[in-house]
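In terms of our numbering, the sequence shown opens at residue 1 and continues consecutively.
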Amino acid sequence: MNTDEFNEHLVKLSKASLGNFMDPGEIEWPAEANVAAWHFTPELISIYGTPAWNALDDAARMRLSLFEAVNFFSLNVHGEKFLVSEISRHLYTDEHPELSRYLLHFVEEETKHMMYFSGFCNRYAGKVYRDRTLQLDQGLESGLATFLLFARIYLFEEIVDEYNRIMAADERLEPIVREINRMHHVEESRHLAFGRKHLRFLIERDEDEWDAWTRAQVRQHLNDFLGLTWKQYYNPDVYEDAGLTDAFGTWHSAYDDPSCQKHRTRINRQRLGLLRELELLEDPS
Ligand SMILES: [Fe+2]
Ligand SMILES: [Fe+2]
1 MNTDEFNEHL VKLSKASLGN FMDPGEIEWP AEANVAAWHF TPELISIYGT
51 PAWNALDDAA RMRLSLFEAV NFFSLNVHGE KFLVSEISRH LYTDEHPELS
101 RYLLHFVEEE TKHMMYFSGF CNRYAGKVYR DRTLQLDQGL ESGLATFLLF
151 ARIYLFEEIV DEYNRIMAAD ERLEPIVREI NRMHHVEESR HLAFGRKHLR
201 FLIERDEDEW DAWTRAQVRQ HLNDFLGLTW KQYYNPDVYE DAGLTDAFGT
251 WHSAYDDPSC QKHRTRINRQ RLGLLRELEL LEDPS
């Protein structure tokens with residue numbers, strides 16, 4: 001894909017952003033959350049299928065689903081906060097004005113997403129869960145660091161979007177949760193379309209300069225990032241707030257539980273094919 005072709009995609013995406021803009025101000029918020037209702041698709045709850053999950057009755061599972069929603073929305077807030085600050089630093093720094101023009105929409109949309117995600121968390125849990133992301137020590141030259149920034153954003157958004165897609169369509173869930181997931185899914189479909197084109201464009205442009213060591217470094221970095229991303233979906237504060245008897249023990253054993261591993265592998269397989277095709281990620285085990 002040459003620069004002209006990539007620019008054509010960027011112009012289309014900018015037009016789509018202008019024409020289909022979601023306004024968080026239009027959301028009608030229920031006065032309070034009903035803890036006796038589903039706020040998260042049960043099969044997506046972090047401990048689904050584990051002994052801890054099997055020990056809970058429906059009331060406890062529904063209560064847990066509210067805090068799982070708060071965790072999912074919180075991790076989005078922190079991902080978007082990072083993305084907005086990092087992408088903003090890349091605006092108008094090179095000879096590619098069409099890219100900056102589109103990235104302004106991207107940043108604007110992420111800012112709006114933080115409004116509704118944090119709006120839900122603050123209204124119904126009185127807090128946004130703390131940022132549990134770990135920054136990877138990069139020490140990479142700047143071209144590679146830029147590539148990895150956009151590859152990480154893309155990877156993060158693919159996983160989030162799988163959750164959004166499922167929950168937007170799940171009729172068991174409270175309408176407010178479905179609506180937030182729907183709004184995010186619509187706008188993220190543009191970000192993902194951008195991410196796919198952008199990564200291909202950057203790879204085709206730059207990969208001749210990558211030696212085997214650099215490629216291995218990129219792959220290692222993204223595999224590490226994938227693991228760190230998934231870790232955020234398991235939060236001991238969630239289990240504590242939901243009233244589970246052994247919140248820390250639940251957290252400690254959940255990540256490696258076979259049913260949780262299977263869940264992550266399924267989503268990795270379904271959503272991260274492009275990164276494997278580009279040989280940037282290992283096959284899911
Ligand atoms: Fe977002
Ligand atoms: Fe996004």
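Note that beta-carbon positions come from the ideal geometry of N, C-alpha and C, so glycine has one too.
- Ranking Asp237, Pro258 and Ile159 by CA distance to the CA of Arg269 puts Ile159 first.
- Under a 10 Å Cβ-count criterion, Glu171 is classified as exposed, with fewer than 16 other Cβ atoms of the shown protein chains found around its own Cβ.
- DSSP, read as helix, strand or coil, puts Leu281 in coil.
- DSSP places Ser65 inside the alpha helix (DSSP H), whose first and last residues are Asp58 to Arg89.
- Under the three-state reduction of DSSP, Leu134 is assigned to coil, being neither helix nor strand.
- Taking a cut-off of 8 Å on C-beta distances, the segment 43-62 touches the segment 259-273, as three or more cross pairs fall below it.
- The shortest CA-to-CA distance from Glu8 to any of Glu279, Glu282, Ala55 and Phe201 is the one to Phe201.
- Contact between the segment 230-244 and the segment 60-68 is established, with three or more Cβ pairs separated by less than 8 Å.
- For Asp241, the enclosing alpha helix (DSSP H) stretches over residues Pro236 to Asp241.
- Per DSSP, Glu108 is one residue of the alpha helix (DSSP H) stretching across Pro97 to Ala125.
- A residue is listed when its beta-carbon falls short of 6 Å from at least one non-hydrogen atom of ligand 2; in chain order these are Glu110, Glu157, Glu188 and His191.
- Taking 3 residues as the minimum length, the segment 147-215 contains no beta strand (DSSP E) run wholly inside it.
- For Arg178, the CB contacts under 6 Å within the same chain, skipping 5 residues up- and downstream, are Ala168 in chain order.
- Judged by DSSP in its simplified three-state form, Trp29 adopts coil rather than helix or strand.
- Across the structure, Arg264 and Leu44 are spaced so that their CA atoms are roughly 10 Å apart.
- In this structure, Ala55 is the residue among Phe40, Ala55 and Asp4 with its C-alpha nearest to the C-alpha of Leu244.
- In this structure, the beta-carbon distance from Leu104 to His90 does not fall below 9 Å.
- When the alpha-carbon of Leu192 is set against those of Arg63, Phe150 and Ala212, the nearest one is in Phe150.
- Of all C-beta pairs linking the segment 10-18 to the segment 222-235, fewer than three are shorter than 8 Å, placing the two stretches out of contact.
- Counting the other Cβ atoms within 10 Å of the Cβ of Asp241 gives 16 or more, which makes it buried.
- The segment 194-213 makes no contact with the segment 124-137; the number of CB pairs closer than 8 Å stays below 3.
- With a contact defined as Cβ atoms closer than 8 Å, Asp206 and Gly143 qualify at about 7 Å.
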